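Q: The structure that follows is given in the form of C-alpha cells.
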Amino acid sequence: MRPSISSTSRWESDTVTEAEAHISVRDVTMAYGSRLIQRDLNFDVNRGDIFVIMGGSGCGKSTLLKHMLGLIQPAAGDILYAGESFTHADQATRDRMRRSWGITYQSGGLFSSMTIGENVALPMQLYTHYSGAEISEVVSYKLSLVGLGGYESYYPSEISGGMQKRAALARAIALDPDILFFDEPSAGLDPISSSLLDELIVQLKESIGATVVMVTHELPSIFSIATNSVYLDAGTKTMIAYGNPRELRDHSEQPVVRQFLAREASAPAETA
Ligand SMILES: Nc1ncnc2c1ncn2[C@@H]1O[C@H](COP(=O)(O)OP(=O)(O)OP(=O)(O)O)[C@@H](O)[C@H]1O
1 MRPSISSTSR WESDTVTEAE AHISVRDVTM AYGSRLIQRD LNFDVNRGDI FVIMGGSGCG
61 KSTLLKHMLG LIQPAAGDIL YAGESFTHAD QATRDRMRRS WGITYQSGGL FSSMTIGENV
121 ALPMQLYTHY SGAEISEVVS YKLSLVGLGG YESYYPSEIS GGMQKRAALA RAIALDPDIL
181 FFDEPSAGLD PISSSLLDEL IVQLKESIGA TVVMVTHELP SIFSIATNSV YLDAGTKTMI
241 AYGNPRELRD HSEQPVVRQF LAREASAPAE TA
C-alpha cells in the first residue's frame, strides 16, 4: 500500500516497508575490475521519496548512482524500476526507462556555448516532436518554475553558480520526469543558495510528483529534505544502515552512522 506523504508525516520512515518501491536494488555488487567497491546492496527507493545515498569519502556513492543510471553494469545483482529489471533489459527498454528520468550532475553540466533557453530546450528537441513554439513555451514555463523566468537568452557564464544549478534543474525537468537524480546538487554553493536549492528540489518534487535520488555530503540538506537514505560503509564494503536520516542519527545501532550524521554542530535544529 502506498502511504500518503504529507508535510507532517514525511519524516516518519516506519511506513516505508508498506510503500510502493519505485527503485529496487537487489543483491548488487559493484566493482571496478577486480577491485570490490560495495557488495550485497539491497534496498528500495519508494515512490515520492527524497532518497539520499550517504557514506564517507570514497565509499562508492557516485559509483552507486552511476549503476542506478545504467552508466556502469553491476558485477552482480539487479536494479529494477517499478518492478521491471533495468540491469537485464535490452537497449530499447533501457532507453525507454531512461526517458522518464531527469539527471543533474555535480558541475551542472550546462553546455556553455548554448543559451539557458537552448540548454533547457535540448531534451525536447532530442526526444519529442514538439514544435518550436511549443518548446519555447515549455522552456519559459520550466525556467519560471526554478525562478529563472526571462533568462532564456543568457549564457551559463553570465549567471551565478546557484542560477546555473537551477537552470540545470529546469533542463532535468523538461520532460516531466518520474525520477530526478542529483549528484552533489549543492556542491560549491554558499549555505543560503544551497538551502534555496533544497527548497526548490522539494517544491519541484511535489509539483511534478517525482521521486528524488541524490548523493550529498551536506548534513543541512540531508536533515531538511531527505525522507529516506542508505549508508554505504567503506570499511566493510556494504550498506550498514537504511532509513530516515534523523532516526538513524538518533537511533542507528551503528556508531559510525550516528557519528557521520552528528559530525557537525552546524546541522540545523529540527524545525521541519
Ligand atoms: N572509473 C574508476 N575506476 C576505478 N576506480 C574508480 C573509478 N571511479 C571511482 N573509483 C574508485 O572507487 C571508489 C568509490 O568511488 P566513488 O567516487 O564512487 O566514491 P564516493 O563515495 O562518491 O566518493 P566521494 O564522497 O569522495 O565523492 C573510490 O576508491 C574511487 O577511487
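Per the UniProt record's numbering, residue 1 is the first one in the sequence shown, and the count goes up by one each step.
From the three backbone atoms N, C-alpha and C, an ideal C-beta is built for every residue, glycine too.
Small disclaimer: the values here were computed from a predicted structure and weren't measured.
Which same chain residues end up closer than 7 Å to S62 when comparing Cβ atoms and leaving out the 5 residues on each side of it in sequence?
A: The answer, listed in chain order, is D183 and V215.
Q: My output table needs one value for Y151: the three-state DSSP class, helix, strand or coil.
A: Y151 falls in the coil class under three-state DSSP.
Q: With hydrogens ignored, establish whether the beta-carbon of R263 is closer than 7 Å to any heavy atom of ligand 1.
A: Checking the Cβ of R263 against ligand 1 gives no.
Q: Kindly examine ligand 1 and report whether one of its heavy atoms sits closer than 7 Å to the Cβ of Y32.
A: Under cutoff, so the answer is yes.
Q: So, D44 versus A76, is the Cβ gap smaller than 8 Å?
A: Going by C-beta atoms, D44 is not nearer than 8 Å to A76.
Q: Could you check where the alpha helix (DSSP H) with I72 kicks off and where it finishes?
A: Premise fails: I72 is in no alpha helix (DSSP H) and is neither H nor E.
Q: In whole angstroms, what separates the C-alpha of V230 from that of L169?
A: Approximately 24 Å, taken between the alpha carbons.
Q: Closer than 6 Å by C-beta to S252: which residues in its own chain qualify, once you throw out the five before and the five after it? Chain order, please.
A: Cβ neighbours of S252 beyond the five flanking positions: A241 and R258.
Q: In the DSSP output, what is G55 paired with across the bridge?
A: Paired residues: L232.
Q: As a quick exercise: from A174, G147 and Y151, pick the residue whose alpha carbon is nearest that of E134.
A: Closest option to E134, Cα to Cα, is A174.
Q: Taking contact to mean at least 3 C-beta pairs separated by less than 8 Å, is the region 114 to 129 in contact with the region 83 to 97?
A: With the cut-off at 8 Å, the region 114 to 129 and the region 83 to 97 do not touch.
Q: Whose C-alpha, out of P156, S160, R35 and A210, is nearest the C-alpha of S113?
A: Cα-wise, what sits closest to S113 is P156.
Q: Taking C-beta to C-beta, are L200 and R166 nearer than 8 Å?
A: Yes.
Q: May I ask you to report which of helix, strand or coil DSSP gives P255?
A: If DSSP states are grouped into helix, strand and coil, P255 belongs with the helices.
Q: Please check the pair G179 and W101, which I expect to be a contact at CB under 8 Å, by giving their CB distance rounded to whole angstroms.
A: This sequence places Ile at residue 179; Gly is not what is there. Going by Cβ atoms, the distance from I179 to W101 rounds to 5 Å, so yes, they are a contact pair.
Q: Go ahead and label I116 buried or exposed: buried means 16 or more other beta carbons lie within 10 angstroms of its beta carbon, across all protein chains shown.
A: Result: buried.
Q: DSSP puts R26 in a beta bridge; with which residues?
A: Beta-bridge pairing links R26 to D78.
Q: Applying the criterion that 16 or more other CB atoms from any shown protein chain within 10 Å of the CB defines a buried residue, is A226 buried or exposed?
A: Looking at its Cβ environment, which holds 16 or more other Cβ atoms inside 10 Å, A226 is buried.
Q: I need the boundaries of the alpha helix (DSSP H) containing M163, first residue and last residue.
A: From DSSP, the alpha helix (DSSP H) with M163 extends over G161 to A172.
Q: Please state whether DSSP places G33 in a helix, a strand or coil.
A: Three-state result, G33: coil.
Q: For E84, does the three-state DSSP call read helix, strand or coil?
A: E84: strand per DSSP, three-state reduction.
Q: Please identify the residue among E206, D233 and K237 whose C-alpha is closest to the C-alpha of G55.
A: Among E206, D233 and K237, the Cα nearest to that of G55 is on D233.
Q: I need the DSSP call for R39, collapsed to helix, strand or coil.
A: R39 falls in the strand class under three-state DSSP.
Q: Could you tell me whether the Cβ of P245 comes closer than 8 Å to any Cβ of chain C?
A: This model lacks chain C altogether, as it is built from one protein chain only.
Q: Ligand 1: which residues have Cβ under 6 Å from any of its heavy atoms, chain order?
A: Residues with a Cβ closer than 6 Å to any heavy atom of ligand 1, in chain order: Y32, I37, G55, S57, G58, C59, G60, K61, S62 and T63.
Q: What first and last residue would you give for the alpha helix (DSSP H) that runs through A92?
A: Taken as a continuous stretch (DSSP letters only), the alpha helix (DSSP H) holding A92 covers Q91 to R98.
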